[in-house]
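So the protein lines, in turn, are chains A and B.
Its first residue numbered 1, the first sequence is counted upward by one per residue in the UniProt record's numbering.
Its first residue numbered 1, the second sequence is counted upward by one per residue in the UniProt record's numbering.
Even glycine gets a Cβ: it sits at the ideal position worked out from N, Cα and C.
Contents: one structure, followed by commentary.
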Amino acid sequence: MSWLTNFVRPRIKSLIGAVKSATPDNLWRKCPACGEMIFHRDLVAALYVCPQCGHHMRIGAPERFAQVFDNNTFEELIPPEVAPDPLRFRDEKRYTDRLREARQKTGRIDALSAARGTLDGLPVMVAVQPFDFMGGSLGMGVGEALVNAMQSAVDESRPFILFVASGGARMQEGVLSLMQMPRVTIAVDMLRDAGLPYVVVLTDPTTGGVSASYAMLGDIHIAEPNALIGFAGQRVTANAVREQLPEGYQRAEYLLQHGMIDMVVNRKEMRATLSKVLHLLMKRSKPHAVLPLPPRVIAGTVARVPGGA
Amino acid sequence: MHAYLDFERPIAELEGKIVELRQLAGNDPTMQIDAEVGRLQQKADQLVKETYARLSPWQRVQVARHPGRPHFCDYVKHLFDEFTPLAGDRAFGEDAAIVTGLARFRGQAVAVVGQEKGNDTKSRLKHNFGMAMPEGYRKVQRLFRLADRFGLPVISLVDTSGAYSGVAAEDRGQAEAIARTIEACLNLRVPLIATIIGEGGSGGAVAIATANKVFMLENSVYSVISPEGCASILWRRPEKAQDAAAALRLTAQDLAGLGVIDAIIPEPIGGAHRAPDEAMSTVGDQISRALGELSHMSPDDVRRQRREKYLAIGRDLK
Ligand SMILES: [Zn+2]
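Structure follows, in structure tokens:
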């Protein structure tokens with residue numbers, strides 16, 4: 001069974017207030033790629049990959065944790081506290097309002113969740129930067145959570161796996177978001193200095209200040225099929241680049257061809273691939289697969305399962 | 001004559017009158033203009049002083065981008081002897097948007113890096129407006145390795161609207177190139193001193209500005225995104241750039257307040273473009289002091305100081 005520590009839950013509650021109902025009534029989900037209507041239970045069983053077209057849907061931390069950790073057992077790290085709105089930023093909306101909405105929508109404090117557990121018996125630290133929280137944008141909360149999780153991984157001698165999706169730096173934190181690029185890079189180097197593997201799983205989409213720092217500094221780069229990965233974000237590309245774009249531009253398979261990633265791995269093979277790579281790098285004997293529990297409802301977390309359960 | 005910015009129009013009018021008077025007097029030696037020129041000059045000087053004493057963030061962005069502002073190559077001529085440019089990343093090509101080289105700075109051998117925007121159409125195209133390609137950043141990594149091996153401090157002069165984004169840059173791994181260069185900055189065991197001399201544009205700037213000491217000229221800017229880009233994304237209207245410039249807190253004064261930079265280097269009254277030599281000498285003095293301060297540290301301590309400094313950024317903010 002999985003759980004959040006008792007320290008975390010009251011803090012999440014105090015920051016987020018009542019989380020909106022975790023269970024929308026729609027038992028069917030429409031594939032954003034092919035339009036196929038998929039029964040929710042089938043979608044969960046298929047790890048949120050469309051059975052019709054193979055589209056890998058965007059998923060959050062609870063789903064990733066459930067798909068990686070042995071027996072769906074893990075312990076989440078307490079999210080570090082950071083200055084909530086150091087610039088007092090507002091555009092047409094206050095940044096604090098945008099933050100509150102994102103917290104209510106996702107049930108998470110910021111766009112980074114990390115947890116410790118085992119993968120086929122090997123102790124690992126897993127961090128997830130999901131797109132659904134303000135586009136997975138990198139701000140002080142995300143940066144500090146990554147520094148914290150990487151430092152803990154070093155202290156506990158755990159290899160580090162990062163599942164990342166992000167549009168880049170969080171503009172509402174100005175130059176302080178930019179400073180997270182070197183800050184997290186320092187933490188990546190701590191893993192290197194400790195001789196611990198750092199595996200990055202690039203998911204759709206990963207661009208901007210995130211791809212231009214720690215997301216491209218992995219010992220191993222794995223991407224999910226068709227994930228958009230690049231320096232310039234989609235909007236920048238659409239606005240600025242009038243040149244003819246090559247087929248498959250900025251997609252995982254394109255990056256593979258251009259030498260920027262090691263492999264493109266289907267979500268169904270992800271767990272086995274991560275396990276194999278980490279056991280080899282850590283010079284462990286061949287793993288005995290410990291199947292994760294069927295990825296259904298995640299008991300005890302306040303996080304929302306997409307589409308409900 | 002130099003180019004005037006929109007908000008400098010009243011100054012331009014006064015200074016234009018002075019030029020006119022001088023021309024008239026040049027044609028007619030009997031004209032007595034000294035008193036009038038003196039009066040106008042005093043008025044113009046006062047106006048420059050007042051205008052520059054209360055620049056808005058958006059106006060500072062304009063000054064930071066002023067075409068007459070001293071650029072990297074001007075600094076090289078003014079501050080260094082024996083400048084020896086080094087070209088190429090040894091993998092793909094040479095990128096003139098970032099210039100690297102060896103030089104002597106006030107007697108001391110150093111490594112130098114910076115973006116050059118160019119001053120006219122031809123040089124702007126040559127330097128790609130200071131927007132570097134992956135091979136430019138990989139050339140910097142090569143310079144850093146060289147500096148490390150031979151114990152040369154690195155002086156970085158930052159002036160870019162951002163790294164180039166386009167098919168060629170993506171194909172050659174712009175994101176990875178920037179990421180590795182930031183990492184290379186952080187691992188240097190020689191002092192790295194960065195000065196934002198104009199624009200510090202996003203990751204393309206951070207890649208050469210992750211330094212033991214980071215200075216900003218009084219009218220330079222350093223930002224996660226251009227005000228125009230921010231306005232078009234968050235306001236969905238590019239014309240809101242003025243509001244975005246204020247909200248982003250991108251001036252030297254803002255960054256000093258946030259604890260992101262180590263010092264502000266004052267500019268001559270009216271901006272660096274009005275007295276380039278004076279501005280560049282002040283930058284040189286500041287770099288010289290910083291080099292002195294860092295010269296007593298061991299290579300490991302130099303690396304450690306840089307890393308601890310960055311880890312501490314933002315932790316004391318409320
Ligand atoms: Zn589909």
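Query	Result
Residue closest to D110 (chain A), alpha-carbon to alpha-carbon, out of A:L278, A:G259, A:G141, A:D193	A:G141
Neighbouring residues, chain B, relative to L87 (chain A) (Cβ below 9 angstroms)	A247, L248, R249, D254, L258
Pick from B:E183, B:P268, B:G93, B:K309 that is closest to K49 (chain B), judged by C-alpha positions	B:P268
S275 (chain A) burial status per 10 Å Cβ neighbour count (16 or more: buried)	buried
Chain-ordered residues, beta carbon under 5 angstroms from a heavy atom of ligand 1	A:C31, A:A33, A:C34, A:E36, A:C50, A:Q52, A:C53, A:H55
Chain A contact for A169 (chain B) (CB, 8 angstroms cutoff)	yes
Partner residues on chain B for L178 (chain A), Cβ-Cβ distance less than 7 angstroms	S202, V206, V224
Interface positions of the segment 170-194 of chain B facing chain A (Cβ-Cβ less than 8 angstroms), listed along the chain	E170, D171, R172, G173, Q174, A175, E176, I178, A179, R180, I182, E183, C185, L186, N187
Nearest residue (CA-CA) to V221 (chain B), options B:G201, B:I233, B:A244, B:H127	B:G201
Chain-ordered chain D contacts of I220 (chain A) [CB-CB under 9 angstroms]	Here the protein chains are A and B, and chain D is not one of them.
Contacts that M171 (chain A) makes with chain B (C-beta to C-beta distance below 8 angstroms)	V224, I225, C230, I233, L234, L248
Cα-Cα separation, V113 (chain B) to L157 (chain B)	6 angstroms
Within chain B, the residues that D91 (chain A) reaches when beta carbons sit closer than 7 angstroms	L234, W235, A247
Alpha carbon of D316 (chain B) to alpha carbon of L178 (chain A), nearest angstrom	17 angstroms
Distance between beta carbons of M125 (chain A) and S166 (chain A), contact taken as under 8 angstroms	Actually they are not in contact, since the Cβ atoms of S166 (chain A) and M125 (chain A) sit about 19 angstroms apart, beyond 8 angstroms.
Cβ pair count under 8 angstroms reaching 3, the segment 166-175 of chain B against the segment 67-85 of chain B	no
Neighbour list for A212 (chain A) in chain B, Cβ cutoff strictly below 9 angstroms	A163, Q174, A175, E176, A177, I178, A179, I182, S202, G203, G204, V206, A207
K240 (chain B) versus I233 (chain B) - alpha carbon distance	10 angstroms
Own chain residues within Cβ distance below 7 angstroms of H127 (chain B), not counting five before or after	A96, A97, E116, K117, G118
Residue nearest to A44 (chain B) in terms of C-alpha spacing, selected from B:I11, B:R60, B:F150	B:I11
H78 (chain B), DSSP secondary structure in three states	helix
Buried or exposed (CB count within 10 angstroms, at least 16 for buried), N71 (chain A)	exposed
Boundaries (first-last residue) of the alpha helix (DSSP H) holding G209 (chain A)	208-211
Integer Cβ distance of I208 (chain B) from V140 (chain B), believed to fall under 8 angstroms	6 angstroms
Presumed contact (8 angstroms Cβ cut-off) between residue 313 (chain A) and A127 (chain A), rounded CB distance	The displayed coordinates of chain A run from 1 to 309. Any statement about residue 313 (chain A) would go beyond what the structure contains.
Selection of the segment 256-273 of chain A by Cβ proximity to chain B, strictly under 9 angstroms	H258, G259, M260
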